[in-house]
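Undergrad:
Residue numbers (the numbering used here), protein chains in the order written: chain A, 99 to 573; chain B, 5 to 145.
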């Protein structure tokens, strides 16, 4: 087995030959300190992805890389349209799990005294936790429209504003949805869960802008020190989970049919242009659009709660990013523009000013890149850069990345002491399950600042603002 | 023989379930899956649900079986405590599963929820038979 090569302070290469069948090398973007936290299994997963047909340049892992299934979490890979593949292993079960940031016109000093009341009200207004269903009761027809039109559908139904749409990646509705590829089972899981936050690491957080790193860009993003922001982290719920489950079954057969050698069953895939690939893509887009609609609806209810306690206050959408998705994008490869299928699994698009996909409002500087911290630690807003085009197909990290297993966390922490510790730091937490708080204790994640520093130092996205939590609602 | 055990995994839940027969292994795997979702001592068996599945091989059938439990939990709003599995392999080698699952309707006040299992992954998913049957599963949570 070949050794990992240090390219520079923030780039490590997994050479061809690390495992048999690699078509390209792997690249892991980490500092020396974060390199220590990358499990051998994660490196194996980077190497596994490098064996897939049509992969371009490198199989990459962002600084928050950790052990996943199929791709590592933090994995990025692009595939040529002609000879490449698409794989649900590069997207994950929670299709378009993502983050949305709302900026208020309120100062933290005026919100802080009401923080307990606000979190209670948000917890009440936005269903969360295991086994919960929403209050929407969408019809089958409405579900189909959600799959096709995502956030646009939500706005037409009265959730949020038209102006929000341009502030979402893909304008909150990605083209190419094919609802005929969504099973009855996926519909059955998705219908009652529209407008729910879910559980696990998903959350809704009231934050304060604690630090501004780049004043002019922060101004463009509408952020200022001491401001109240709201961050929403969730995805496509049971609809996405079932769509991935269903299509994995189809694609497991496809690898045999097309004679593709895969090192991990979760990397089941199909050649681009094949019916199996088209069907998965069409269904995946449905889930992605569902997730955008879901975050749109949750943002609307958040606005209603804020309006109750701060009448006339504004909560404008800064941006909404997907961090589990496969997309068709044009990138430069060996001096030529090529259409590629870019898979981002626990990674955020980080486009700079040169890309037409960046909304007009941010075109001069680059797209906002939203990096949630773990519960109790800072979140970051970064700005996408054209440097990311060269290094990572326009991608950055998506969070802090776990370092401790859930079972280990349960041995070390209890929900009660995690909550007490957060309260001591002035952070109010409301959760449906005390066990969940223990499993999501701040200590189980890498320090988010270290992860963000690597992204900043590489220049793939630059630091704009740091946000600290005041109140968290979790499933 | 222990029915199942959880193994260390950074982000997700990994377990191995055992059985003297493939039926017993699949029953134990279902119990391991469900115990990661809801504390079983809080669940009473008041109703039963029937599941019938068919697949080309045992591994595929096992994947469908565990995925079906996640699906039933979410769509029927039920929690499960007992899993009785019967298997049949027909002449053209395909496998059939008939199962009876015992449990009750979800009661958020009474049932102690642990993790939201999003799905059963195929990563390192596999069945082996040495002295006993063993299935390894990683759940996405």
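For each residue, glycine too, the CB sits at the ideal point set by N, CA and C.
Since we're looking at a predicted model, the values are computed, not measured.
Shorter than 9 Å from the beta carbon of residue 306 of chain A to some beta carbon of chain B?
TA: Reading the first chain from its first residue, position 208 is the one you call residue 306 of chain A. So no, residue 306 of chain A is outside the interface.
Undergrad: Taking residue 515 of chain A as the reference, which of A:535, A:531, A:501 has the closest Cα?
TA: Walking along the first chain from the start, residue 515 of chain A turns up at place 417. Of the listed residues, the one whose Cα sits closest to residue 515 of chain A is A:535.
Undergrad: Assign residue 522 of chain A to one of three DSSP states: helix, strand, or coil.
TA: The residue given as residue 522 of chain A occupies position 424 in the first chain. Residue 522 of chain A: helix per DSSP, three-state reduction.
Undergrad: Give a yes or no on whether 9 Å exceeds the smallest Cβ distance from residue 279 of chain A to chain B.
TA: Counting from 1 along the first chain, the entry for residue 279 of chain A is found at position 181. Taking Cβ atoms only, chain B never reaches closer than 9 Å to residue 279 of chain A, which makes this a no.
Undergrad: Going by alpha carbons, who is nearest to residue 356 of chain A out of A:523, A:183, A:228, A:394?
TA: Taking the first residue of the first chain as 1, we reach residue 356 of chain A at position 258. Minimum Cα distance to residue 356 of chain A is reached at A:183.
Undergrad: According to DSSP, simplified to helix, strand and coil, what is residue 151 of chain A?
TA: Working through the first chain from its first residue, we reach residue 151 of chain A at position 53. Of the three classes helix, strand and coil, the one that applies to residue 151 of chain A here is coil, per DSSP.
Undergrad: For the candidate residues B:63, B:106, B:7, B:117, whose alpha-carbon lies nearest to that of residue 54 of chain B?
TA: In the second chain, residue 54 of chain B corresponds to position 50, counting from 1. Closest option to residue 54 of chain B, Cα to Cα, is B:106.
Undergrad: How about the stretch 199-216 of chain A and the stretch 401-421 of chain A: do they share at least three Cβ pairs that are nearer than 8 Å?
TA: Enough Cβ pairs lie closer than 8 Å, so yes.
Undergrad: Along the chain, where does the beta strand (DSSP E) containing residue 350 of chain A start, and where does it finish?
TA: In the first chain, the residue the question calls residue 350 of chain A occupies position 252. Per DSSP, residue 350 of chain A belongs to no beta strand (DSSP E); it is in the alpha helix (DSSP H), 335-355.
Undergrad: Could you name the residues of chain B that residue 342 of chain A contacts, counting a contact when the two beta carbons are closer than 8 Å?
TA: Residue 342 of chain A sits at position 244 when you count from the first residue of the first chain. Within chain B, the residues near residue 342 of chain A are 123.
Undergrad: At a Cβ threshold of 9 Å, is residue 421 of chain A touching chain B?
TA: Within the first chain, residue 421 of chain A is the residue found at index 323, counting from 1. For residue 421 of chain A, the answer is no, since every Cβ of chain B falls outside 9 Å of its Cβ.
Undergrad: Compare the beta carbon distance of residue 562 of chain A and residue 480 of chain A with 9 Å and say whether it is the shorter of the two.
TA: The residue you call residue 562 of chain A lines up with position 464 of the first chain. The residue you call residue 480 of chain A lines up with position 382 of the first chain. Yes, the pair counts as a contact, with Cβ atoms nearer than the cut-off.
Undergrad: Against chain B, which members of the stretch 281-297 of chain A pass a CB distance test of less than 7 Å?
TA: Listed by position, the residues of the stretch 281-297 of chain A near chain B (Cβ gap below 7 Å) are 283, 286, 287, 296, 297.
Undergrad: On the criterion of 16 or more Cβ atoms from any shown chain inside 10 Å, does residue 149 of chain A qualify as buried, or is it exposed?
TA: Taking the first chain and counting its residues from 1, the one referred to as residue 149 of chain A is at position 51. Its Cβ being crowded by 16 or more others within 10 Å, residue 149 of chain A is buried.
Undergrad: Do residue 332 of chain A and residue 295 of chain A have their beta-carbon atoms positioned less than 9 Å apart in this structure?
TA: Along the first chain, read from residue 1 onward, the residue named residue 295 of chain A stands at position 197. Along the first chain, read from residue 1 onward, the residue named residue 332 of chain A stands at position 234. Yes, Cβ-Cβ distance for residue 295 of chain A and residue 332 of chain A is below 9 Å.
Undergrad: Mind pulling the chain B residues with CB within less than 7 Å of residue 572 of chain A?
TA: Translated into positions along the first chain, residue 572 of chain A becomes position 474. Simply none; closest approach about 11 Å.
Undergrad: According to DSSP, simplified to helix, strand and coil, what is residue 303 of chain A?
TA: In the first chain, the residue the question calls residue 303 of chain A occupies position 205. In this structure, residue 303 of chain A counts as strand in the three-state DSSP scheme.
Undergrad: Rounded to whole angstroms, what is the Cα-Cα separation between residue 360 of chain A and residue 353 of chain A?
TA: Sequence index remark: in the first chain, residue 360 of chain A carries index 262 (1-based). Sequence index remark: in the first chain, residue 353 of chain A carries index 255 (1-based). So the alpha carbons of these two residues sit roughly 8 Å apart.
Undergrad: Does the beta-carbon of residue 529 of chain A have 16 or more other beta-carbons within 10 angstroms, so that it is buried, or is it exposed?
TA: On the first chain, residue 529 of chain A is found 431 positions in, with the first residue counted as 1. So residue 529 of chain A ends up on the buried side.
Undergrad: Restricting to runs no shorter than 4 residues, where is the alpha helix (DSSP H) found entirely within the stretch 63-108 of chain B?
TA: Runs found: none.
Undergrad: Below 9 Å between beta carbons: does that hold for residue 300 of chain A and residue 387 of chain A?
TA: Residue numbering aside, residue 300 of chain A sits at position 202 when the first chain is read from its first letter. Residue numbering aside, residue 387 of chain A sits at position 289 when the first chain is read from its first letter. No, the pair does not count as a contact, with Cβ atoms beyond the cut-off.
Undergrad: Taking DSSP as the reference, what is the three-state secondary structure of residue 164 of chain A?
TA: Position 66 of the first chain, counted from the first residue, corresponds to residue 164 of chain A. Three-state result, residue 164 of chain A: strand.
Undergrad: With distances taken Cα to Cα, identify the nearest neighbour of residue 486 of chain A among A:403, A:475, A:473, A:465.
TA: The count along the first chain starts at 1 and reaches residue 486 of chain A at position 388. Out of A:403, A:475, A:473, A:465, A:465 has the C-alpha closest to the C-alpha of residue 486 of chain A.
Undergrad: Sort A:564, A:446, A:209, A:264 by Cα distance to residue 461 of chain A and report the nearest one.
TA: Translated into positions along the first chain, residue 461 of chain A becomes position 363. Among A:564, A:446, A:209, A:264, the Cα nearest to that of residue 461 of chain A is on A:264.
Undergrad: Determine the chain A residues that contact residue 71 of chain B at a beta-carbon separation under 8 Å, and present them in chain order.
TA: Walking along the second chain from the start, residue 71 of chain B turns up at place 67. Under the 8 Å cutoff, chain A gives 343.
Undergrad: Starting from residue 443 of chain A, follow the beta strand (DSSP E) in both directions and report where the run begins and ends.
TA: By 1-based counting over the first chain, the position of residue 443 of chain A is 345. Unbroken beta strand (DSSP E) run through residue 443 of chain A: 434-443.
Undergrad: Applying the 10 Å Cβ sphere with the 16-neighbour rule, what's the burial state of residue 145 of chain B?
TA: Locating residue 145 of chain B in the second chain gives position 141, counting from the first residue. The residue in question, residue 145 of chain B, is buried, as its Cβ has 16 or more Cβ neighbours within 10 Å.
Undergrad: In terms of DSSP beta bridges, what is residue 205 of chain A paired with?
TA: Here the question's residue 205 of chain A lines up with position 107 in the first chain. Answer is A:325.
Undergrad: Using the Cβ count rule (16 or more neighbours within 10 Å means buried), how would you classify residue 283 of chain A?
TA: Mapped onto the first chain, residue 283 of chain A falls at position 185. It is buried - the Cβ of residue 283 of chain A has at least 16 other Cβ atoms within 10 Å.
Undergrad: Which residues of chain B have a Cβ atom closer than 9 Å to the Cβ of residue 558 of chain A, listed in chain order?
TA: In the first chain, counting from the first residue as 1, residue 558 of chain A sits at position 460. Within 9 Å Cβ-Cβ: nothing; residue 558 of chain A doesn't reach chain B, min ~23 Å.
Undergrad: Determine, for residue 167 of chain A, whether the minimum Cβ-Cβ distance to residues of chain B falls below 9 Å.
TA: In the first chain, residue 167 of chain A corresponds to position 69, counting from 1. Yes, because at least one Cβ of chain B sits closer than 9 Å to the Cβ of residue 167 of chain A.
Undergrad: Could you tell me whether the Cβ atoms of residue 366 of chain A and residue 349 of chain A are closer together than 9 Å?
TA: Taking the first residue of the first chain as position 1, residue 366 of chain A is located at position 268. Taking the first residue of the first chain as position 1, residue 349 of chain A is located at position 251. Contact: yes.
Undergrad: For residue 158 of chain A, write down the residues that DSSP places opposite it in a beta bridge.
TA: For this step, residue 158 of chain A is matched to residue 60 along the first chain. In the DSSP output, where bridge partners are listed per residue, residue 158 of chain A has A:125, A:174.
Undergrad: Taking the alpha carbon of residue 141 of chain A as the point to measure from, which residue in A:155, A:119, A:432, A:169 has its own alpha carbon closest?
TA: Residue mapping note: residue 141 of chain A aligns to position 43 of the first chain, counting from 1. Comparing Cα-Cα distances from residue 141 of chain A to each of A:155, A:119, A:432, A:169, the minimum goes to A:169.
Undergrad: How many angstroms separate the CA atom of residue 447 of chain A from the CA atom of residue 437 of chain A?
TA: Locating residue 447 of chain A in the first chain gives position 349, counting from the first residue. Locating residue 437 of chain A in the first chain gives position 339, counting from the first residue. Those two C-alpha atoms are separated by around 16 Å.
Undergrad: Measuring alpha carbon to alpha carbon, tell me which of B:17, B:123, B:11 ends up nearest residue 75 of chain B.
TA: The residue given as residue 75 of chain B occupies position 71 in the second chain. When only C-alpha atoms are compared, the closest one is B:123.
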